[in-house]
Amino acid sequence: MLQKISTDKAPAAIGPYSQGIIANGMLYASGQIPIIPSTGELETGDITAQAKQAIENAGEILKAAGTDYEHVVKTTCFLADMADFAAFNSVYEKYFTGKPARSCVAVKQLPKNVLCEVEVIAALED
225 MLQKISTDKA
235 PAAIGPYSQG
245 IIANGMLYAS
255 GQIPIIPSTG
265 ELETGDITAQ
275 AKQAIENAGE
285 ILKAAGTDYE
295 HVVKTTCFLA
305 DMADFAAFNS
315 VYEKYFTGKP
325 ARSCVAVKQL
335 PKNVLCEVEV
345 IAALED
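Numbering (this note's numbering), first residue to last: 225 to 350.
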């Protein structure tokens, strides 16, 4: 059985999808962009500010599912510009200290023209 995850502490889904789905003891979270949940506005700062917001949004979905950053097994990170890779990593490594598996790619364009998007797959806590 699939369980939908939803929290008002992360940006609401802006399309026909869920913030996250739990299936077979795993959380599959939708990609998070740097929207500030309390205002619905974009974090308009540089890559470090946007990465922090996107990762914290993902963290709120993890919490809503009953898990945390330490239980993340895979991330997929999308950057608007691979020149931001080192700056993105400097933020990323503060949250994903367990060093989950990861893909990080540059893409032509992200929703709302943000600089990054982060999605996570995590095991549920024991």
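The C-beta atom is built at its ideal place from N, Cα and C for all residues, glycine as well. Note that the structure is a prediction, hence the values are computed from the model and not measured.
Within the segment 252-286, no beta strand (DSSP E) run of at least 3 residues lies entirely inside it. Between the C-alpha atoms of Leu251 and Ile245 there is a straight-line separation of about 6 Å. Annotation for Val315: the continuous alpha helix (DSSP H) segment containing it runs Phe309 to Tyr319. In the structure shown, the three-state DSSP call for Lys233 is coil. Counting along the chain, the unbroken beta strand (DSSP E) around Lys298 starts and ends at Val296 to Leu303.
The residue among Leu334, Leu286 and Pro335 with its C-alpha nearest the C-alpha of Tyr319 is Leu286.
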